[in-house]
Amino acid sequence: MVDKSVEFLADLRLPGLSEEVSLHIGPVLLESSQRCAYDYVSVREEPMMASVQERRLCGKAPGQTFTSSANSLRVHFRSDESVQAGGFLASYSLSE
């Protein structure tokens with residue numbers, strides 16, 4: 001049996017503290033579950049502080065754009081092997 005679970009973590013970080021990262025996640029089509037427990041893409045600002053809220057997307061969701069208030073964003077994608085779906089597209093831009 002082949003393990004079809006996937007986990008991917010990416011830090012989008014700029015050198016200058018006054019720069020911003022914008023991340024657009026296109027329409028999402030992932031396994032739907034309460035609190036996005038199984039398959040999800042999440043976005044949060046770095047550094048990971050308790051006061052920073054993680055935003056999770058799963059199931060069928062429209063596209064959303066996330067813009068950092070500082071110079072970095074962390075993207076985390078997780079999928080288990082139970083349900084296969086279409087996935088999502090993501091693109092980012094950097095600005096000063």
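Numbering (the UniProt record's numbering), first residue to last: 1 to 96.
All C-beta atoms in this analysis are idealised placements derived from N, C-alpha and C, irrespective of residue type, glycine included.
On a predicted model such as this, the values are computed, not experimentally measured, just so you know.
Straight-line Cα distance separating residue j from residue i
i: S91; j: G26; result: 8 Å
i: G16; j: S72; result: 10 Å
i: L14; j: V75; result: 15 Å
i: A85; j: D11; result: 25 Å
i: R35; j: S18; result: 33 Å
i: L23; j: R44; result: 11 Å
i: P62; j: F88; result: 10 Å
i: L57; j: S95; result: 24 Å
i: Y38; j: D80; result: 6 Å
Residue i, DSSP secondary structure in three states
i: Q64; result: strand
CB-CB length for residue i against residue j, believed under 8 Å
i: R55; j: F66; result: 7 Å
i: V6; j: S68; result: 25 Å between Cβ atoms; not a contact.
i: L29; j: Y40; result: Not confirmed; about 12 Å, so no contact.
i: K60; j: S32; result: 7 Å
Beta-bridge partners of residue i, as assigned by DSSP
i: D20; result: Checking the sequence, you will find Glu at residue 20 rather than Asp. S95.
Extent of the continuous beta strand (DSSP E) to which residue i belongs
i: S79; result: S72 to S79
i: P42; result: First, the amino acid is wrong: residue 42 is Ser here, not Pro. Segment Y40 to E45, the beta strand (DSSP E) holding S42.
i: E7; result: V6 to R13
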